[in-house]
Each structure stands twice: as C-alpha cells, then as structure tokens.
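*Asks:*
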Amino acid sequence: MNILNNHVKQKIKEHSLNETPRECCGLILDIGGEIEVLRCKNVAKDNKKNFRIDEIDYLNASKRGSIKAYYHSHPHDEVGRFSGADAQVSRAQNIPLIMYSIFHDNFYQLDHE
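Numbering (my numbering), first residue to last: 3 to 115.
So, in structure tokens, the structure goes:
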C-alpha cells in the first residue's frame, strides 16, 4: 500500500504551511483499508526545531486504526534531511517517518525494511 499518495501529500503540506514557523506533526493511519492523515499536537518544548507527538493524540489514533507512519515538517531547514533524532525515533518505533521540507517543497521518507 502506497501511503504517500497525492492526497496524503496535500494534507501534510497544508498542515505544514498552517503551522509555520513551528514544526507540524501527525500520523498516517490505515482505517479499514482507507488511509487517513491525522494532525497531532506538537508538544515539544522548542517546537520550531523539534516535534513530539502528544501522547493522548497517539493513544487515540492507535485506537482508531493501524499507524503506518509518522510525519512532520522542517519549516526552516535548507539542507532537507532527517535529523539524528528523527532517525532514532523512527528506528525505535520501526515505523516509517515522512518529512516535508517547506524550503525545498519536497517530501522525504525514512523506512526501516
């Protein structure tokens, strides 16, 4: 199943632009075979440079469907790559991570398969 289709990209991009200058974050769910983008609250102390998905949002999402990926934005990153912390979280959870770079207007995906 291709989770990063045009509909998902559009939803993530809209969320990213709405949250700038803060990083946005959310989850991509499979609910009965349908892919849904769920915006989550970024509770990181420095939410302009980091993201941390609200635990209640994560718990509620896990009850609704299967979590297929995390996503977040990099509103200020001219390099356009995942940080070490991004990779560490994704690896620890064994869940793909999608990042939208506003500067590059591009999506990046980190998988662990």
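Backbone N, C-alpha and C define an ideal beta-carbon position, used for all residues, glycine too.
To the nearest angstrom, how far is the alpha carbon of aspartate 79 from that of glutamate 38?
*Replies:* Rounded to the nearest angstrom, the two C-alpha atoms are 26 Å apart.
*Asks:* How big is the Cα-Cα spacing for lysine 13 and leucine 29?
*Replies:* 11 Å
*Asks:* Which same chain residues, not among the five before or five after aspartate 32, have their C-beta less than 6 Å away from its C-beta?
*Replies:* Taken in chain order, the residues that qualify are Gly67, Ser68, Lys70.
*Asks:* Here's the rule I'm using: 16 or more other beta-carbon atoms within 10 Å means buried, otherwise exposed. How should aspartate 9 be labelled?
*Replies:* At residue 9 the sequence reads histidine, which differs from the aspartate that was named. Exposed, because fewer than 16 other Cβ atoms sit within 10 Å of the Cβ of histidine 9.
*Asks:* Output the boundary residues of the alpha helix (DSSP H) element that contains asparagine 20.
*Replies:* Residues 8-21.
*Asks:* Looking only at C-alpha atoms, which of Val81, Lys65, Leu40, Gln90 sits nearest to phenylalanine 105?
*Replies:* In this structure, Val81 is the residue among Val81, Lys65, Leu40, Gln90 with its C-alpha nearest to the C-alpha of phenylalanine 105.
*Asks:* Quick check on the DSSP output: the alpha helix (DSSP H) that includes serine 64 runs from which residue to which?
*Replies:* 57-66
*Asks:* What span of residues does the beta strand (DSSP E) with aspartate 32 cover, start to end?
*Replies:* 27-33
*Asks:* What's the C-alpha gap between serine 92 and tyrosine 72?
*Replies:* 8 Å
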